[in-house]
Each structure stands twice: as C-alpha cells, then as structure tokens.
Amino acid sequence: MTAFTAPQFTNETAAIAHLEASRWADVVNCPHCGSVNVHRMAGKTQAGYFLCNDCRDKFTCRTGTVMERSHIPVHKWLLAIHLLTASKKGMSAHQLHRMLGVTYKSAWFLAHRIREAMADGNPTPMGGEGESVQADETYYGNTSKRAKHYRKGHSKKASVVALVEPKTGRVRAVHMSKTANVENVREFLVTNIDRKSELHTDESRLYITVGKEFADHKTVEHGWNGRGYYVGKDGQTTNNVENFFGVFKKGMVGVYHFCGEQHLQRYLNEFAFRYSNRSGVGIEDNQRAAMALKGIEGKRLTYRRPN
Ligand SMILES: [Zn+2]
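Letter by letter, the sequence shown follows residues 470 to 776 of my numbering.
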C-alpha cells in the first residue's frame with residue numbers, strides 16, 4: 470500500500486502532476502475538442518491551465534472529469550480514491566470527512582463521484598465460448614420490522630441482479646428499476662452475457678426461460694452437500710456471486726448503514742469495482758486506485774443530495 474504520506478497525497482503540485490500523468494500518459498489532448506494542439510499556459514495565476522490552439526478554450530486536469538467544479542484540492546481527491554478503493558467494505562463519508570479534513574457534505578459528494586468513476590464505462594459482454602457466468606438476485610433494504618414504512622415481501626425491497634465471471638472474478642451488478650421478474654432479468658442477462666456462455670444459477674424460475682438462450686444452463690440445487698458450499702453434479706456453483714452479495718451486504722450494514730434506493734446503483738458500482746479488481750485476482754491497492762483514477766473522465770454528475 471502506498472503510504473498516506475506519498476507526495477501526491479500531501480502536496481498539490483505533486484498531485485496535479487500525478488493526475489496529468491494518469492490522464493495524458495502520452496500526449497495532452499483538449500477535453501473540449503480532442504485536439505493535441507495545446508500548450509501549457511505560463512504565469513503563476515494560470516498554473517495548471519492549458520490553452521487549446523484549435524478551440525481556444527482553457528482546461529485543466531480536472532476538466533471533463535468527476536472533479537470538475539469541485540473546490541477540493543486534487544491531493545485530497547487522490548487520497549479519497551486510495552482509501553475508498555483499498556478498503557474492502559468501503560469507507561463512510563464520516564470517516565472520509567475526518568481523514569481528509571473536509572466537511573461531511575464535501576466528503577459525501579466526493580465519495581459519490583468516486584463511485585461514479587468506479588462504474589464500468591464500457592461494459593463488454595461477460596463470458597464467451599467455453600466460459601461460464603453465474604447469475605443471482607438479491608433483495609435489498611426495508612428490513613427492519615420496527616421501521617415506519619416496513620412492508621413484507623420482495624416487491625417492497627430493491628431488486629439487485631449480479632453476474633460473475635468465475636474465471637476472471639469480474640462482477641456486474643444492477644439495481645433493477647422494478648421487482649426482478651422473468652422479463653427484466655432476461656433483458657439484463659441477454660444484454661450483458663455472451664450467448665455462447667454457460668449460465669449457472671440457482672433453481673429460481675426467473676432463469677428457466679432465459680437459460681435456453683445460452684449455450685447451456687446449469688442449476689445448483691439449494692441443499693447442503695456437506696463440504697460447506699453448494700455445488701452441482703458438473704461442478705457448477707453460484708458461490709462467487711453469493712460471495713459478492715455477502716461482501717456487499719456486510720459493507721452496506723457495517724460501513725454505510727444502508728442507503729436510499731436512489732443511490733443504490735452507485736454503491737453497487739463501488740462494490741463491483743473492488744470485487745472485480747480485488748487482490749485475490751492479483752490486483753494490488755496501488756493498481757486498483759490507478760484504475761479508478763482512469764475512470765474519472767466523462768462522468769460528470771448532476772444528482773443532488775436528498776434532504
Ligand atoms: Zn480544444
């Protein structure tokens with residue numbers, strides 16, 4: 470793990486140099502028009518600014534990223550990215566607020582923008598010929614029977630469907646806009662999984678029809694095999710996807726103390742990002758932070774904080 474005292478976490482000039490190197494490894498290009506005909510502006514007041522010789526617009530390393538229009542220094546952003554990508558279950562806005570010395574509100578916005586950076590900007594189909602993909606669903610929220618609006622049943626909770634490629638460990642998780650049903654689950658599966666893949670699920674009726682659209686569909690019976698996990702006769706399991714849901718739910722309870730449904734997808738992005746790029750698949754903290762930093766472009770946010 471990079472020490473928190475590394476220059477890019479404590480010194481703004483070093484942080485800007487770090488971000489510029491991440492964004493423009495080979496050549497600086499204008500975020501407005503894409504031109505490489507740009508130059509760094511001289512003069513102290515224009516430090517960090519570039520001028521595009523084609524569109525004549527100015528820009529910095531923040532332009533066109535989730536950091537645009539933020540007043541938080543770049544070195545605090547880099548530290549926040551490092552903390553959020555390195556902690557297995559995430560980090561609360563309260564803790565970020567204390568560690569970064571920014572207001573709670575700033576820490577909250579910062580964390581949500583970093584979650585946006587963690588979203589897969591170019592999702593390619595999962596699986597492929599000779600590969601398997603595990604799919605499973607879970608239901609989130611509305612669990613306290615003592616809460617004011619508690620209502621029984623899945624339709625009163627948020628439905629989440631997740632896919633895992635066991636070979637690579639890659640996860641994709643989506644908050645369904647309606648309760649999971651045969652139609653919306655099919656839509657998610659056929660648009661996210663290569664049809665040459667083998668589909669592995671439990672015996673839920675949600676997957677019976679869509680399963681026929683893949684090379685094969687193998688199910689795992691809900692039963693204890695005595696070895697501590699569920700496994701079908703051909704070795705198929707849904708353990709990876711269930712494990713992902715386990716990490717997600719523990720983090721949401723222990724670190725984030727639940728979230729509103731309007732924010733659920735961003736938390737899913739965060740947990741899917743860390744799980745897909747975990748140390749168990751050979752990705753260390755510094756690499757994971759560098760990957761999240763690569764994701765900051767093209768994802769400016771417009772949402773507001775509730776209440
Ligand atoms: Zn330009």
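For each residue, glycine too, the CB sits at the ideal point set by N, CA and C. Just so you know, these numbers come straight off a predicted model, no measurement behind them.
Using the C-alpha atoms, what's the distance from residue j back to residue i?
{"i": "Glu537", "j": "Leu579", "result": "11 Å"}
{"i": "Ala642", "j": "Gly570", "result": "32 Å"}
{"i": "Lys763", "j": "Gln705", "result": "35 Å"}
{"i": "Glu739", "j": "Ala490", "result": "24 Å"}
{"i": "Thr479", "j": "Gly597", "result": "44 Å"}
{"i": "Glu672", "j": "Ala586", "result": "35 Å"}
{"i": "Tyr725", "j": "Asp754", "result": "21 Å"}
{"i": "Leu548", "j": "Thr688", "result": "43 Å"}
{"i": "Ala511", "j": "Lys545", "result": "25 Å"}
{"i": "Gly622", "j": "Val750", "result": "36 Å"}
{"i": "Ile765", "j": "Lys702", "result": "44 Å"}
Looking only at C-alpha atoms, which of the options sits nearest to residue i?
{"i": "Thr637", "options": "Ala741, Leu547 and Asp754", "result": "Ala741"}
{"i": "Leu553", "options": "His581, Asn506, Tyr573 and Pro594", "result": "His581"}
{"i": "Pro635", "options": "Val602, Met760 and Glu667", "result": "Val602"}
{"i": "Asn506", "options": "Phe528, Tyr744, Asp589 and Arg655", "result": "Phe528"}
{"i": "Phe717", "options": "Phe657, Tyr608 and His686", "result": "Tyr608"}
{"i": "Ser539", "options": "Asp526, Leu632, Gly559 and Ala576", "result": "Ala576"}
{"i": "Ala631", "options": "Arg584, Ser561, Met645 and His487", "result": "Met645"}
{"i": "Lys647", "options": "Ser628, Ile662 and Ala759", "result": "Ser628"}
{"i": "Met568", "options": "Thr474, Ala484, Glu766 and Asn650", "result": "Thr474"}
Could you check what DSSP says for residue i in three-state terms: helix, strand or coil?
{"i": "Tyr573", "result": "helix"}
{"i": "Met760", "result": "helix"}
{"i": "Ile583", "result": "helix"}
{"i": "Asp685", "result": "strand"}
{"i": "Val497", "result": "coil"}
{"i": "Glu667", "result": "strand"}
{"i": "Met470", "result": "With a pLDDT of only 47 at Met470, under the threshold of 50, the placement of this residue in the model should not be trusted; the figure read from the coordinates follows. Coil, per DSSP."}
{"i": "Tyr744", "result": "helix"}
{"i": "Glu711", "result": "helix"}
{"i": "Ser504", "result": "coil"}
{"i": "His566", "result": "helix"}
May I ask you to check if the CB of residue i is nearer than 7 Å to at least one heavy atom of ligand 1?
{"i": "His501", "result": "yes"}
{"i": "Ser504", "result": "yes"}
{"i": "Asp523", "result": "yes"}
{"i": "Asp526", "result": "yes"}
Three or more C-beta pairs closer than 8 Å, one from the stretch 676-683 and one from the stretch 513-528: is that the case here? No: fewer than three Cβ pairs fall under 8 Å.
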